[in-house]
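Numbering (this note's numbering), first residue to last: 1 to 319.
We put the beta carbon where it would ideally sit given N, CA and C, even for glycine.
On a predicted model such as this, the values are computed, not experimentally measured, just so you know.
Here is the structure we will look at, set down as structure tokens.
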Amino acid sequence: MALSGLPSTGTWTITRTPGGSTYTGSGTSYTVTALPGNTVYNFAVTNINNCSSLPSGDVTISSVPGAPVLGGLSEICLGLTANVTPSTNGTWASSNNTIATISNSGLVTSLAAGTINLIYTRTSDGCTGSKPFTVYLNPTAPSVGIVTQPTCSAPTGSVVLNGLPSSGSWTITRTPGATTYSGSGSSYTVTGLPANTTYTFTVTNANTCTSPTSGNVVINAIPNLPVTGGASTVCTGLTANVTPSTNGNWTSGNNGIATVSNTGLVTGIAAGSVTLTYTRTSDGCSSTLPFTVNSNPTPPVTGSVTQPTCSVSGGSVIL
């Protein structure tokens with residue numbers, strides 16, 4: 001606080017109210033410093049003759065301004081932007097512009113992983129505040145490993161995903177369907193994938209940063225069952241053919257009734273019913289074919305024989 005109009009000759013003493021602090025000097029002006037805030041002061045001056053002036057006018061010293069209150073996000077994933085506050089009435093600066101830059105409106109742009117300080121300076125009084133800010137690295141896209149396709153007996157597929165975050169927990173998100181799978185470790189097998197669909201996957205790490213999308217995972221349609229045909233019966237001791245005759249294996253449910261080769265040749269061994277099973281080599285799908293072996297009739301029993309005569313040229317026999 002600058003005071004003027006002080007005695008021009010000799011020394012003087014200024015007395016501050018409240019507090020009673022005194023300041024001694026000479027000359028017609030003086031600056032009183034270190035006045036505590038949030039107080040109203042006045043001053044009187046006593047000259048060399050020990051005569052005192054009336055009090056000066058009131059001098060109001062405001063409260064010490066508070067530091068700026070900073071808010072908004074304090075972390076972000078690499079490649080994204082975020083907003084911090086205040087967004088007006090001051091300027092922002094980054095302690096390391098290679099990690100993140102910031103505009104005076106509080107827009108933070110991430111450039112590399114790391115931790116920095118964001119510094120806000122209020123225009124009205126020059127007061128500053130500092131806010132720690134972290135940029136996290138994004139996980140890499142999941143790597144597609146072994147894909148298991150549906151079969152006739154297992155109607156869904158699966159895929160092994162590798163290259164997942166090795167530390168902390170993560171969440172895999174499947175597209176389409178937005179199904180999620182949570183866990184930890186660098187690999188995971190996603191099971192129960194419905195057939196005839198193409199899938200992609202992303203992984204979100206413990207810092208909520210999400211990877212790029214994985215490559216496509218194609219889960220094929222469920223294969224059709226083999227179509228079997230051909231003969232369905234044979235007599236004992238004879239052979240018959242069933243189909244298909246290639247690209248798979250045939251088996252008999254009872255080799256004591258009938259045997260079957262991989263080319264579909266059935267041999268009747270004994271009378272009865274049996275189930276023939278064909279298994280396709282390419283996918284393990286199988287179909288069955290009911291088959292019957294019929295017994296042969298017994299030989300006729302010879303009875304009376306009548307020989308030819310002069311009047312009857314042919315003979316006869318009773319069976």
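Contact defined as beta carbons within less than 8 Å: I believe residue i pairs with residue j. What is the distance between those atoms, to the nearest angstrom?
i: residue 233; j: residue 271; result: Wrong, their Cβ atoms sit about 11 Å apart, outside the cutoff.
i: residue 57; j: residue 38; result: The pair is not a contact, with the Cβ atoms about 18 Å apart (cut-off 8 Å).
i: residue 160; j: residue 186; result: Contact flag wrong, Cβ pair sits at about 11 Å.
i: residue 110; j: residue 79; result: 6 Å
i: residue 121; j: residue 128; result: 5 Å
i: residue 275; j: residue 286; result: Rounded, the Cβ-Cβ distance is 11 Å, inconsistent with contact.
i: residue 216; j: residue 191; result: At roughly 18 Å, the Cβ-Cβ gap does not stay under 8 Å, so residue 216 and residue 191 are not in contact.
Can you give me the C-alpha to C-alpha distance between residue i and residue j, rounded to a whole angstrom?
i: residue 7; j: residue 40; result: 24 Å
i: residue 252; j: residue 196; result: 33 Å
i: residue 281; j: residue 158; result: 21 Å
i: residue 97; j: residue 117; result: 10 Å
i: residue 220; j: residue 231; result: 33 Å
i: residue 297; j: residue 155; result: 48 Å
i: residue 28; j: residue 4; result: 6 Å
i: residue 302; j: residue 227; result: 48 Å
i: residue 183; j: residue 171; result: 7 Å
i: residue 15; j: residue 47; result: 11 Å
Residue i: which of the options sits nearest, CA to CA?
i: residue 200; options: 166, 145, 224; result: 145
i: residue 89; options: 123, 103, 71; result: 123
i: residue 178; options: 160, 161, 169, 203; result: 203
i: residue 31; options: 136, 149, 13; result: 13
i: residue 115; options: 101, 238, 132; result: 132
i: residue 99; options: 91, 113, 105, 92; result: 113
i: residue 209; options: 167, 3, 216, 136; result: 136
i: residue 77; options: 287, 289, 206; result: 206
i: residue 153; options: 225, 167, 33, 258; result: 225
Answer yes or no: do residue i and residue j have a C-beta to C-beta separation smaller than 8 Å?
i: residue 59; j: residue 73; result: no
i: residue 291; j: residue 266; result: yes
i: residue 68; j: residue 86; result: yes
i: residue 108; j: residue 141; result: no
i: residue 25; j: residue 11; result: yes
i: residue 138; j: residue 211; result: yes
i: residue 262; j: residue 249; result: yes
i: residue 239; j: residue 264; result: no
i: residue 293; j: residue 256; result: no
i: residue 321; j: residue 283; result: There is no way to answer for residue 321, as the model of the chain reaches only from 1 to 319.
i: residue 53; j: residue 45; result: yes
i: residue 173; j: residue 180; result: yes
i: residue 119; j: residue 95; result: yes
Exercise. What residue ranges within the region 210-278 form continuous beta strand (DSSP E) runs of no fewer than 3 residues, ordered along the chain?
Worked result: Taking 3 residues as the shortest admissible run, the region 210-278 contains the following complete beta strand (DSSP E) segments, listed from N- to C-terminal end: 217-219, 233-235, 239-243, 248-252, 258-260, 265-268.
Exercise. What are the uninterrupted segments assigned as beta strand (DSSP E) that are 3 or more residues long and contained completely in the region 121-178, given in chain order?
Worked result: Within the region 121-178, the beta strand (DSSP E) runs of at least 3 residues that lie entirely inside it are, in chain order, 128-136, 143-148, 156-162, 169-175.
For this session: Within the region 277-303, note down every full beta strand (DSSP E) run reaching 3 residues or more, in order along the chain.
Result: 286-294
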